[in-house]
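Residue 147 in our numbering sits at position 147 of the sequence shown; the count goes up by one each step and never skips.
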Amino acid sequence: MTIRNSIALVTGANRGIGAALVDALLAAGAAKVYAAARQPVAHADPRVVPLALDVADPAAIAAAAARAGDVTLLINNAGVLEGGDIFTAGADAVERQLVVNGLAPLRLALAFAPALRRSRGAIATILSVVALAPMPGLASYSASKALAASLTGSLRASLAVDGVSVHAVFPGPVDTDMAAGIDMPKTSPADVAAAVLAGIEAGDAEIFPDAFARQIAAGWYQDPRAVAAQFAA
1 MTIRNSIALV TGANRGIGAA LVDALLAAGA AKVYAAARQP VAHADPRVVP
51 LALDVADPAA IAAAAARAGD VTLLINNAGV LEGGDIFTAG ADAVERQLVV
101 NGLAPLRLAL AFAPALRRSR GAIATILSVV ALAPMPGLAS YSASKALAAS
151 LTGSLRASLA VDGVSVHAVF PGPVDTDMAA GIDMPKTSPA DVAAAVLAGI
201 EAGDAEIFPD AFARQIAAGW YQDPRAVAAQ FAA
């Protein structure tokens with residue numbers, strides 16, 4: 001799809017990658033951007049419509065879909081991250097992150113599917129390279145992103161007949177508040193946002209928006225077990 005004149009909705013739009021996506025959409029000529037967050041913030045550009053949305057609340061998702069029925073591009077960006085290995089984090093951490101990182105993008109896609117079918121629009125979901133192979137220190141987060149990646153593939157297959165493109169985005173570490181505790185080189189949110197929009201316009205089913213992500217992708221396509229071993233180490 002073409003970003004120019006699109007009507008986009010970005011979740012988690014108040015900071016990090018979400019805020020960068022809003023700015024990138026505006027720079028690319030989007031006609032309107034719904035900036036969704038639990039605590040939405042005002043934006044200087046009149047094309048931005050702040051939208052209160054808790055993605056963990058199915059009723060709030062339904063209300064957002066009713067209000068923003070003109071959306072042509074849905075970008076699922078909202079997420080949570082809890083660290084620790086599977087024994088430290090425990091099942092409750094998995095459940096919390098599955099709701100936000102795994103189920104919420106699906107619920108949003110289902111709620112906005114009628115609008116996206118009408119416009120032959122697009123969905124992009126911000127995942128992570130740990131969706132490809134688990135990082136034991138981010139065990140519950142990895143599991144939630146793996147679920148989201150699988151559901152994204154299912155949505156792509158089901159919506160293809162309607163002309164809706166579905167994009168899975170697999171970033172590496174990004175310089176955001178969420179990744180503040182990760183001691184690795186990080187890509188700027190602005191660079192990730194630019195790569196996401198470029199991938200959507202190019203029709204890329206899978207988008208690897210930074211150098212680390214592209215390196216991991218190359219290794220994963222060649223030998224998934226080697227990437228799993230790399231992350232485990």
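The beta carbon of each residue, even a glycine, is placed where N, CA and C say it ideally should be.
Source: prediction; values computed, not measured.
Specify the secondary structure class of E82 as computed by DSSP and reduced to three states. coil
Between which two residues does the alpha helix (DSSP H) carrying S154 extend? DSSP places S154 in the uninterrupted alpha helix (DSSP H) bounded by 139-159.
Can the beta-carbon of G153 be found closer than 7 angstroms to that of A213? no
Would DSSP call T187 helix, strand or coil? Judged by DSSP in its simplified three-state form, T187 adopts strand.
To which residues of the same chain is K145 closer than 7 angstroms at the C-beta, ignoring the five residues directly before and after it? N101, L127, S128, V130, A131
When you compare the CB positions of V196 and V164, do they come within less than 7 angstroms of one another, or not? no
So, using beta-carbon positions, are A64 and L73 closer together than 7 angstroms? no
Does the Cβ of S158 have 16 or more other Cβ atoms within 10 Å, making it buried, or fewer, making it exposed? The residue is exposed, with fewer than 16 neighbouring Cβ atoms inside 10 Å.
Determine the burial state of Q39: buried for a count of at least 16 other Cβ atoms within 10 Å of its Cβ, exposed for fewer. Q39 should be labelled exposed.
Given this structure, state the Cα-to-Cα distance separating A232 from A28, to the nearest angstrom. 39 angstroms
State yes or no: is the beta carbon of L106 nearer than 7 angstroms to at least one beta carbon in chain C? The structure shown has no chain C; it contains just one protein chain.
Would the beta-carbon of N77 fall within 7 angstroms of that of L108? no
Same chain, Cβ closer than 6 angstroms to A143, neighbours up to 5 away in sequence not counted: V94
Pair within 7 angstroms by beta-carbon distance, A30 and A13: no
For the beta strand (DSSP E) containing P50, name the first residue and the last one. Its beta strand (DSSP E) spans residues 48-52.
Using the Cα positions of Y141 and I216, report the straight-line distance between them to the nearest angstrom. 18 angstroms
Unbroken alpha helix (DSSP H) run spanning I61, endpoints: For I61, the enclosing alpha helix (DSSP H) covers residues 58-67.
By DSSP, does N76 sit in helix, in strand, or in coil? strand
Sequence-distant residues of the same chain with beta carbon closer than 8 angstroms to V227, five excluded per side: L132, A133, I216, G219, W220
Checking the sheet assignment: what are the DSSP bridge partners for H43? H43 pairs with nothing; no bridge assigned.
Leaving out five residues before and five after D45 in sequence, what residues of the same chain have Cβ atoms less than 6 angstroms from its Cβ? Contacts found: L26.
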